[in-house]
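Under the numbering used here, the first residue of the sequence shown is numbered 26, with each subsequent residue one higher. Ideal Cβ placement from N, Cα and C applies to all residues, glycine included. Only a predicted model underlies this, so the values are computations on that prediction, with no experimental measurement involved.
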Amino acid sequence: MLGTEILGIKFKNPVFLASGIMGETGSSLVRMAKEGAGAVTTKSIGLKPNPGHKNPTIVVLEDSLLNAMGLPNPGVDEYIEELREAKKRIEKMGVRIIGSIYGKDEDEFREVAKKIEGYVDIIELNISCPHAKGYGATIGQDPELSYKVCKAVKEEVKVPVFAKLTPNVSNILEIAEALVDAKVDGFVAINTVRGMKIDIKAKRPILSNKFGGLSGKAIKPIGVKIVYDLYENFDKPIIGVGGIFTGEDAIEYMMAGASAVQVGSAVYFRGYDVFKKICDEIKEFLIEENLKLKEIVGIAHE
């Protein structure tokens with residue numbers, strides 16, 4: 026009932042693990058696959074090892090998370106060793122792998138993409154992280170830089186390339202247009218929203234980086250609106266992400282135009298089996314409404 030296909034790639038369900046949550050190691054990706062995710066997305070991986078920001082890097086809010094991890098990762102060469110064994114186990118479960126990558130320029134993106142291509146089904150360009158200076162949103166807020174990065178990766182790899190967009194821009198359609206010109210295969214929308222939490226006793230921001238990226242329920246209306254706008258203006262598949270905790274949340278994104286969704290913060294708030302829970306809730310809705318999954322994608326535009 027929940028099987029779906031995006032760009033010729035078949036997924037057993039449309040509920041995926043988002044980048045940045047439980048994607049640090051191959052074993053954690055395997056665990057999320059076992060918990061029912063239709064696809065698992067790696068931690069954002071760069072060319073060289075990166076320790077990230079100093080602690081504290083996460084603040085837990087009522088139904089959201091504020092993080093400034095700073096893109097910590099072991100570098101693509103070491104991470105590939107994690108993926109090498111994990112890939113076999115994940116594929117046996119019928120689960121796909123999305124490789125999230127980042128770099129400081131098109132050359133770094135190209136090199137990381139080339140190295141990781143053989144271990145993933147889709148490459149996700151992280152041009153949207155809001156708290157790593159010189160990376161992420163520094164690129165994704167600039168149409169020209171976004172175009173250069175996407176074009177370089179598209180010229181290097183054969184697997185589909187999706188760009189993860191930042192909501193921290195004045196005109197997201199301008200960025201999306203540049204990516205379409207660069208032949209991007211699809212969009213992931215959205216990454217976190219810039220935010221801050223101040224400790225009123227200490228009289229200073231809690232995060233070592235001062236500000237971070239807000240995820241969770243608070244950003245869902247922003248994500249839904251952006252997915253709606255992307256679907257309205259471009260004929261590209263969209264993976265919706267941001268504040269998806271329940272089947273209802275996932276359905277809302279899909280009605281706005283998403284072909285699939287990614288779940289991040291809800292893993293913390295609802296448990297590792299959140300993928301199974303959301304899939305069951307989607308099934309229940311489809312049965313009640315006598316609808317098929319593909320029929321709800323973009324239905325809010327009719």
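- Message: I'd like to know if the region 121-128 and the region 138-148 are in contact, where contact means that at least 3 CB-CB pairs between them fall below 8 Å.
- Response: With a cut-off of 8 Å, the region 138-148 and the region 121-128 count as touching, because enough Cβ pairs lie within range.
- Item | Anticipated Cβ contact below 8 Å, Lys68 with Asn98, distance rounded | Within the sequence shown, residue 68 is the residue found at index 43, counting from 1. Within the sequence shown, residue 98 is the residue found at index 73, counting from 1. That pair is a contact at about 6 Å.
- Thinking C-alpha only, which one of Val120, Leu27, Ser233, Pro192 is nearest Lys79? Working through the sequence shown from its first residue, we reach residue 79 at position 54. Taking each of Val120, Leu27, Ser233, Pro192 in turn and checking the Cα distance to Lys79, the smallest one comes out for Ser233.
- For His156, I'd like the list of residues in its chain whose CB is within less than 7 Å of its CB, leaving aside the five on either flank, ordered along the chain. What you label residue 156 is simply residue 131 of the sequence shown in a count that begins at 1. Hits under 7 Å: Ala93, Gly95, Asn234, Phe236, Gly237, Gly238.
- Message: According to DSSP, simplified to helix, strand and coil, what is Thr271?
- Response: Position 246 of the sequence shown, counted from the first residue, corresponds to residue 271. In the structure shown, Thr271 sits in coil (DSSP, three-state: anything other than H, G, I, E or B).
- By the 10 Å Cβ neighbour count, where 16 or more other Cβ atoms means buried, how is Arg229 classified, buried or exposed? Looking up residue 229 in the sequence shown gives position 204. With fewer than 16 Cβ atoms within 10 Å of its Cβ, Arg229 is classed as exposed.
- Query: So, helix, strand or coil for Val84, using DSSP?
  - Reply: The residue given as residue 84 occupies position 59 in the sequence shown. Note: Val84 maps to strand in three-state DSSP.
- Taking buried to mean at least 16 other C-beta atoms within 10 Å of its own C-beta, is Lys183 buried or exposed? Residue numbering aside, residue 183 sits at position 158 when the sequence shown is read from its first letter. Counting other Cβ atoms within 10 Å of its Cβ, Lys183 stays below 16 and is therefore classed as exposed.
- Which of helix, strand or coil DSSP assigns to Leu255: The residue labelled residue 255 in the question sits at position 230 within the sequence shown. It is helical.
- Query: To which residues does DSSP link Glu149 through a beta bridge?
  - Reply: For the purposes of this step, residue 149 is taken as residue 124 along the sequence shown, with counting starting at 1. Answer is Ser125, Phe187, bridged to Glu149.
- Message: Using CA atoms only, rank isn't needed, just tell me which of Ile164, Gly119, Lys112, Asp298 is closest to Glu133.
- Response: Within the sequence shown, the letter at position 108 stands for residue 133. Distances from the alpha-carbon of Glu133 to those of Ile164, Gly119, Lys112, Asp298 put Ile164 closest.
- Query: Touch check for the region 110-119 and the region 264-275: three-plus C-beta pairs under 8 Å?
  - Reply: With a cut-off of 8 Å on Cβ pairs, the region 110-119 is not in contact with the region 264-275, counting fewer than three such pairs.
- N-terminal and C-terminal residue of the alpha helix (DSSP H) that Lys301 is part of: Along the sequence shown, read from residue 1 onward, the residue named residue 301 stands at position 276. First-last of the alpha helix (DSSP H) with Lys301: 299-314.
- Query: Helix, strand or coil: how does DSSP classify Gly238 here?
  - Reply: On the sequence shown, position 213 is the one that residue 238 refers to. Residue state, collapsed to three classes: strand.
- Do the CB positions of Phe41 and Ala58 come within less than 7 Å of each other? Position 16 of the sequence shown, counted from the first residue, corresponds to residue 41. Position 33 of the sequence shown, counted from the first residue, corresponds to residue 58. No, they are not a contact pair.
- Per DSSP, which residues does Thr29 bridge with? Please list them. Position 4 of the sequence shown, counted from the start, is the residue given in the question as residue 29. Bridge partners of Thr29: Phe36.
- Task: Grab me the residues of Ala275's own chain with a C-beta within less than 7 Å of its C-beta, minus the 5 sequence neighbours each way, in chain order.
- Result: Here the question's residue 275 lines up with position 250 in the sequence shown. If we look at Ala275 and ignore the five residues flanking it on each side, its Cβ neighbours are Val40, Ile269, Val286, Ile303, Ile307.
- Task: Report the three-state DSSP secondary structure of Gly165 (helix, strand or coil).
- Result: Sequence index remark: in the sequence shown, residue 165 carries index 140 (1-based). Helix at Gly165.
- Message: Using C-beta distances below 8 Å, list every residue in its chain close to Gly100, excluding the 5 sequence neighbours before and after it, in chain order.
- Response: The residue you call residue 100 lines up with position 75 of the sequence shown. The answer, listed in chain order, is Ile70, Gly71, Leu72, Lys73, Pro74, Asn75.
- Task: Report yes if the C-beta distance between Ala43 and Val322 is below 7 Å; otherwise report no.
- Result: Here residue 43 corresponds to residue number 18 of the sequence shown, with the count starting at 1. Here residue 322 corresponds to residue number 297 of the sequence shown, with the count starting at 1. One thing to note: Ala43 has its Cβ no nearer than 7 Å to the Cβ of Val322.
- Message: Quick check: the Cα distance between Gly51 and Gly33, rounded to an integer number of angstroms?
- Response: Looking up residue 51 in the sequence shown gives position 26. Looking up residue 33 in the sequence shown gives position 8. In a straight line, the C-alpha of Gly51 is about 25 Å away from that of Gly33.
- Item | For Pro246, three-class secondary structure by DSSP | Residue 246 sits at position 221 when you count from the first residue of the sequence shown. Residue state, collapsed to three classes: helix.
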